[in-house]
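Have a look at the structure below before the remarks.
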Amino acid sequence: MEEKKIIFSGIQPSGYFTLGNYLGAIKNWTKLQHEHNCIFCIVDMHAITVRQEPKNLRQRTYDSFVQLIACGLEPEKALLFIQSHVPAHAELAWLLNCYTYMGELNRMTQFKDKSSRHSENINAGLYTYPALMAADILLYQTDLVPVGEDQKQHIELTRDIAIRFNNLYSPTFVVPEGYFPKAGARVMSLQEPDKKMSKSDENENAYITLLEEPSRIMNKVKRAVTDSENQVRYDIKNKPGISNLIDIYASITGKSIEDIEREFSSAGYGQFKNAVGEAIVETLSPIQERFKELSKEKGYINNLIREGAEKAERMSYKTLNKVMRKIGLYQVK
Ligand code: AMP
Ligand code: TRP
């Protein structure tokens with residue numbers, strides 16, 4: 031990656047960020063901000079495709095913004111803002127809905143998964159969620175989208191929509207690419223290691239949040255489901271629990287899977303889990319301290335939120351106007 035690229039990614043304020051969010055996405059964001067033009071968005075309009083308690087949503091959105099900074103994102107380097115503050119996202123989402131096929135949306139695994147988990151509320155927003163995500167990305171002429179592996183299908187669809195629109199009219203959107211970490215792209219539940227770690231899991235032992243106390247983190251790792259072999263060996267199919275812990279450890283320490291297997295070849299699961307727990311605590315402690323300090327600076331944070339929205343709004347209208355003109359919506363010059 032030689033020249034400066036435009037990077038865009040989003041995260042939902044639907045719960046407190048998990049270790050999966052951090053290793054799958056946020057950690058990559060903090061690296062990319064030094065070399066590229068980065069834009070990161072708290073996607074509150076995506077979060078409401080599942081019912082949210084208003085008071086919690088409001089607080090989590092603020093806390094999400096603070097957590098991103100606590101994780102190392104620098105507002106002088108990366109543009110940070112809240113999706114609902116920039117109307118162009120909803121506007122372009124509507125337009126792109128008209129270029130997205132129901133057949134495509136029907137294939138989305140996240141939709142199938144969420145509609146089975148929330149069968150009482152399968153709303154149209156949940157269904158057209160990927161068109162809003164495509165709007166987020168395409169508004170900024172994004173080159174790269176750093177996300178976890180669960181978002182692959184949505185990025186593919188975003189590319190298809192961009193290509194379709196460009197072919198129908200003329201080149202309008204940059205066709206973006208996904209960007210995934212080598213380790214940690216798919217952190218699994220600590221309790222059901224064939225399911226991804228999710229902040230909305232009903233079982234609290236399944237995930238670790240960024241703000242969790244060290245003793246709870248150690249406990250959750252100790253309780254993580256493994257197997258009876260007691261051999262630290264990577265084998266996703268037969269040993270998904272221990273493989274997940276190896277992957278987490280690899281992502282945090284930067285060590286290769288082979289090196290980790292070697293290092294712990296004569297250790298049992300107890301000793302390995304201890305090392306994994308400690309590595310997680312060591313990574314999260316400084317984030318937690320910064321979070322505590324920053325949360326108190328409400329005036330400073332709210333200023334950043336306001337400035338981020340203003341800047342994003344100016345940028346986003348360029349693409350939105352272009353799209354409206356190409357489609358043939360009447361504009362007064
Ligand atoms: P979400 O929490 O669904 O808004 O996801 C925000 C970002 O975190 C996206 O880039 C996801 O791909 C990533 N992410 C969420 N859960 C995981 C996980 N368990 N492992 C890796 N990445 C994840
Ligand atoms: N759908 C993403 C998720 O659940 C969040 C998201 C919304 C996103 N808009 C985005 C990610 C744009 C990357 C780019 O994780």
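Those letters in the sequence shown? Residues 31 to 363, per this note's numbering, in order.
Glycine included, each C-beta is placed from N, C-alpha and C at the ideal position.
Owing to the predicted nature of the structure, the values given are computational and were not obtained by experimental measurement.
Contacting residues, own chain, Cβ-Cβ under 7 Å from residue i (five flanking each side not counted)
| i | result |
| --- | --- |
| L241 | Y46, Q318, F321 |
| K379 | Residue 379 is absent from the model: the chain starts at 31 and stops at 363. |
| Y347 | A118 |
| H148 | V80 |
| Q378 | For residue 378 there is no data in the structure shown, the boundaries of the chain being 31 and 363. |
| N196 | T202, F203 |
| L350 | A118, E121, L122, L169 |
| Y129 | I191, R194, F195 |
Residues bridged to residue i [DSSP beta-bridge criterion]
| i | result |
| --- | --- |
| Y52 | Paired residue(s): none; Y52 is not in a bridge. |
| M218 | K226 |
| P176 | Y209 |
| N67 | I36 |
| L109 | I69 |
Distance, residue j Cα to residue i Cα
| i | j | result |
| --- | --- | --- |
| M218 | G338 | 33 Å |
| E232 | L198 | 45 Å |
| L125 | D224 | 37 Å |
| E308 | F294 | 15 Å |
| K341 | Y170 | 12 Å |
| R292 | Q261 | 11 Å |
| A77 | D190 | 24 Å |
| P206 | N58 | 17 Å |
| A55 | F210 | 8 Å |
| N333 | R263 | 49 Å |
| I112 | Q97 | 13 Å |
| L109 | G358 | 31 Å |
| K269 | M75 | 37 Å |
| R253 | V353 | 52 Å |
| R88 | S94 | 10 Å |
| I290 | G329 | 45 Å |
| P201 | Q42 | 30 Å |
| G271 | V251 | 11 Å |
| M99 | I167 | Looking at the sequence itself, residue 99 is Ile, so the reference to Met does not match. One C-alpha to the other measures close to 21 Å. |
| V116 | S44 | 19 Å |
| N86 | G155 | 20 Å |
Collapsed DSSP secondary structure at residue i in the structure displayed
| i | result |
| --- | --- |
| E243 | coil |
| G271 | helix |
| E207 | strand |
| P84 | helix |
| Q166 | Checking the sequence, you will find Asp at residue 166 rather than Gln. In this structure, D166 counts as helix in the three-state DSSP scheme. |
| D265 | strand |
| S145 | helix |
| E327 | coil |
| L359 | coil |
| Q171 | coil |
| D93 | helix |
| S315 | helix |
| P160 | helix |
| G298 | coil |
| A254 | coil |
| Y279 | helix |
| E232 | coil |
| E340 | helix |
First through last residue of the beta strand (DSSP E) which encompasses residue i
| i | result |
| --- | --- |
| I36 | 36-41 |
Cut-off 6 Å between Cβ atoms - residues of its own chain near residue i, not counting five sequence neighbours on either side
| i | result |
| --- | --- |
| I282 | A309, T313 |
| L162 | A123 |
| L135 | Y157 |
| L53 | G214, V217, S281 |
| Q221 | N233, N235, A236, V255 |
| H184 | P160, M163 |
Residues of its chain near residue i, where Cβ-Cβ distance is below 8 Å and the 5 sequence neighbours each way are ignored
| i | result |
| --- | --- |
| I266 | S273 |
Residue range of the alpha helix (DSSP H) that includes residue i
| i | result |
| --- | --- |
| R292 | 287-293 |
| H115 | Looking at the DSSP string, H115 is not in any alpha helix (DSSP H), and its letter there is neither H nor E. |
| L62 | 57-62 |
| E134 | 132-136 |
| I193 | 182-198 |
| A77 | 74-77 |
Residue i Cβ short of 7 Å to the ligand MG heavy atom set
| i | result |
| --- | --- |
| G40 | Although the ligand MG was asked about, the structure shown includes only the ligand AMP and the ligand TRP as ligands. |
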